[in-house]
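For reference, the structure is listed below as structure tokens.
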Amino acid sequence: MKKLFIIGSAVSAFLLVGLVPLNMFVIKFPEWVIWIPAAMLAAVNILRIIKSDEKRAVKIIAPIVSAILIAAAWAGAYCNPYWSSTLVRPSDCTKDYDTVLTYSQAQDDMEEMLHWVKKDHPMFMDGCPQGFSAAYDEALARLEKDDEITVNDLYREMQTMLSTLSDGHTTAYVLYNEEHYLRTIAERRAQGYTLDSINGKSITELFEENRGLFSFDAESWGVENLSGKLTSKEGLAFIGIDAEGVSYTWINESGERLTEAYTSADFVTYAEYVKYNEAYMTNESETKSFASYKIDKDKSLAILTLTECNYNDEYIACLRDMFTEVKAQGINNVAVDLRGNGGGDSRVANEFIRYLEVDSYKVDTTEQRLGVFMVSQDDAVMENEKYAELTFLGDVYLLTDATSFSSAMLFAQYIKDNGLGTIIGEPPGNDPNGYGDIATFRLDNSGIYLSVSTKKFLRASGEVIDRLVMPDIECDGDDAMNVLGETIG
Numbered sequence: 001m002k003k004l005f006i007i008g009s010a011v012s013a014f015l016l017v018g019l020v021p022l023n024m025f026v027i028k029f030p031e032w033v034i035w036i037p038a039a040m041l042a043a044v045n046i047l048r049i050i051k052s053d054e055k056r057a058v059k060i061i062a063p064i065v066s067a068i069l070i071a072a073a074w075a076g077a078y079c080n081p082y083w084s085s086t087l088v089r090p091s092d093c094t095k096d097y098d099t100v101l102t103y104s105q106a107q108d109d110m111e112e113m114l115h116w117v118k119k120d121h122p123m124f125m126d127g128c129p130q131g132f133s134a135a136y137d138e139a140l141a142r143l144e145k146d147d148e149i150t151v152n153d154l155y156r157e158m159q160t161m162l163s164t165l166s167d168g169h170t171t172a173y174v175l176y177n178e179e180h181y182l183r184t185i186a187e188r189r190a191q192g193y194t195l196d197s198i199n200g201k202s203i204t205e206l207f208e209e210n211r212g213l214f215s216f217d218a219e220s221w222g223v224e225n226l227s228g229k230l231t232s233k234e235g236l237a238f239i240g241i242d243a244e245g246v247s248y249t250w251i252n253e254s255g256e257r258l259t260e261a262y263t264s265a266d267f268v269t270y271a272e273y274v275k276y277n278e279a280y281m282t283n284e285s286e287t288k289s290f291a292s293y294k295i296d297k298d299k300s301l302a303i304l305t306l307t308e309c310n311y312n313d314e315y316i317a318c319l320r321d322m323f324t325e326v327k328a329q330g331i332n333n334v335a336v337d338l339r340g341n342g343g344g345d346s347r348v349a350n351e352f353i354r355y356l357e358v359d360s361y362k363v364d365t366t367e368q369r370l371g372v373f374m375v376s377q378d379d380a381v382m383e384n385e386k387y388a389e390l391t392f393l394g395d396v397y398l399l400t401d402a403t404s405f406s407s408a409m410l411f412a413q414y415i416k417d418n419g420l421g422t423i424i425g426e427p428p429g430n431d432p433n434g435y436g437d438i439a440t441f442r443l444d445n446s447g448i449y450l451s452v453s454t455k456k457f458l459r460a461s462g463e464v465i466d467r468l469v470m471p472d473i474e475c476d477g478d479d480a481m482n483v484l485g486e487t488i489g
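Shown next, in the form of structure tokens:
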């Protein structure tokens, strides 16, 4: 009997403790599954107390240890924003945009989406926001009335709900196995054209008609997201445009317009797109690092180009190499180009500031949602562990545009709110008093992906009332480099 209790306790405890990493790294399953081994472990302990002839100390200690394990498993499932997420577990593509779903399948995915935002988003700590609840009910009603529901239809309806949160980090998105891109895009861009309108409607008009399909803090980020949809057949379908007979109007710097009509046959797979545009595409994006720099000795200027916020050995080495050259050559100006940087790890900003002459600086504070708990991080001052031998005493500039997002915005915020440099360009694409630090999920039936904010951020400088990080020198993002040159003389 004693052996049975030991074996039963060991097996139940192993299952209980193992379910959390199993869920996060291997296979997705609902939170309630943890209660199966928890019930087994509790039953073993009850029987042990009633029927075992073990020592009194064992009968006391074993239930206490079991209770601790059950509490830990509960926290791992119900207070862990990454439970069932795709953080480290490999996931499949989204089903094709025209795949037909039953209403029951669509409803299940809607309910799963609702579950994750209610569980993880700080805005839902005290229940669903009223506008979101109404949008959810309306979306379900429309889906129920539809004669046919496709993955694209469900994607659109989900966005009508998520967009009510005005949170650019909380959004549905798709990873189709094979998207179809307009084959002439690279060719037109190489010829100096940019997209002016589709079917006679400008980008601004299209955004105003479809703004309810996009999640954004800053309107400029919403426009960028819409612009990204205009390059593919699937993206056009998302905003309700049929690729069969669609008209694109291009414009160049001289104001000359070129209007072309396309059919769905003009939208090709990525492999076909690359083959068609071999003359206009380079391998630069495949070989160029996310972090690189160049030095213009004549202008006494070093420019760090950062396309992603990756905090790793490559970035750390790149910074050290740049500031070593800056010191050796007596460079007086350092600029960081964050245009087009969609974010990543905010520690890239902290690492950069280690080269500046500042003992401490203000940073954002956060409130993280952990299930039924909100955990605050209130230390708003960061001690700067300077690289004393390479401290830079010159002028710092940051170049930003509407696509400088998330951690790239935080980079600009730290520089701006601490008076460490000058921001040139457009306001970054999200609110410094907004939400972020996402968990991502793949919905079971459609394969639509969902990113959900888990933290509320509060700006480093509570005295600043601007909704965005406003540049010191505001200009079009494309002109920021020229303005930098004019500024330093």
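Heads up: the sequence shown runs through residues 1 to 489, numbered per the numbering used here. From the three backbone atoms N, C-alpha and C, an ideal C-beta is built for every residue, glycine too. Note that this is a predicted model, so its numbers are computed, not measured.
- Residue 32 is classed as exposed because its beta carbon has fewer than 16 other beta carbons within 10 Å across all chains shown.
- Unbroken beta strand (DSSP E) runs of no fewer than 3 residues, entirely contained in the segment 338 to 424, are found at 360 to 362, 365 to 370, 373 to 377, 381 to 383, 395 to 400, following chain order.
- According to the DSSP assignment, residue 156 belongs to no beta strand (DSSP E) but to the alpha helix (DSSP H) extending over 151 to 162.
- Residue environment analysis places residue 93 among the exposed positions, since fewer than 16 neighbouring C-beta atoms fall within 10 angstroms of its C-beta.
- Assigned with DSSP and collapsed to three states, residue 288 falls in coil, not helix or strand.
- Residue range 301 to 306 is occupied by the beta strand (DSSP E) that includes residue 306.
- Beta-carbon to beta-carbon, residue 28 and residue 84 are separated by about 5 Å, close enough to satisfy the 8 Å threshold.
- For residue 472, the closest alpha carbon among the candidates 454, 433, 421 is that of 421.
- If you check the CB distance, residue 341 and residue 394 do not come in under 8 Å.
- One Cα belongs to residue 17, the other to residue 411, and the distance between them is close to 39 Å.
- Counting along the chain, no beta strand (DSSP E) covers residue 220; the unbroken alpha helix (DSSP H) around it starts and ends at 219 to 229.
- Annotated three-state conformation of residue 462 is coil, per DSSP.
- A Cβ-Cβ distance of about 32 Å is found for the pair residue 81 and residue 317, leaving them out of contact under the 8 Å criterion.
- Taking every protein chain shown into account, the CB of residue 14 has fewer than 16 other CB atoms within 10 angstroms, so this residue is exposed.
- Distance check between residue 483 and each of 437, 233, 425 places 425 closest, using alpha-carbon atoms only.
- Rounded to whole angstroms, the Cβ separation of residue 365 and residue 380 is 5 Å, and the two are in contact under 8 Å.
- Less than 8 Å divides the Cβ of residue 247 from the Cβ of residue 200.
- According to DSSP, residue pairing for residue 333 in a beta bridge involves 301, 395.
- Shown here, residue 254 sits in coil according to DSSP, grouped into three states, outside any helix or strand.
- Runs of the beta strand (DSSP E) spanning 3 or more residues and lying entirely within the segment 167 to 216 occur at 171 to 173, 180 to 182, 194 to 198, in chain order.
- In the same chain as residue 167, and ignoring 5 residues on each side of it, the C-beta atoms closer than 7 Å to its own belong to 215, 217, 434, 435, 453, in chain order.
- In the three-state reduction of the DSSP assignment, residue 309 falls in the strand class.
- If the five residues before and after residue 356 are omitted, its C-beta is found closer than 8 Å to the C-beta atoms of 384, 386, 391, 392, 396, 420, all from its own chain and listed in chain order.
- Where residue 467 is concerned, there is no enclosing beta strand (DSSP E), because DSSP gives it neither an H nor an E.
- One alpha carbon belongs to residue 40, the other to residue 12, and they sit about 6 Å apart.
- In this structure, the alpha-carbon of residue 430 lies about 6 Å from that of residue 405.
- For residue 76, the enclosing alpha helix (DSSP H) covers residues 56 to 78.
- Bounds of the alpha helix (DSSP H) holding residue 274 are 270 to 276.
- For residue 108, the enclosing alpha helix (DSSP H) stretches over residues 103 to 120.
- Residues 81, 369, 439, 452, 454 of the same chain have their beta carbon placed closer than 7 Å to that of residue 120, with the five preceding and five following residues left out of the count.
- Comparing alpha-carbon positions, the option among 38, 56, 90, 48 lying closest to residue 23 turns out to be 90.
- Here residue 290 is actually not in contact with residue 319; their C-beta atoms are around 13 Å apart, not less than 8 Å.
- Burial of residue 399 is indicated by the presence of at least 16 other C-beta atoms within 10 angstroms of its C-beta.
- Beta-bridge pairing by DSSP links residue 94 to 176.
- Contact check for residue 293 against residue 303 passes: the beta carbons are separated by less than 8 Å.
- Taken through DSSP and simplified to helix, strand or coil, residue 441 comes out as strand.
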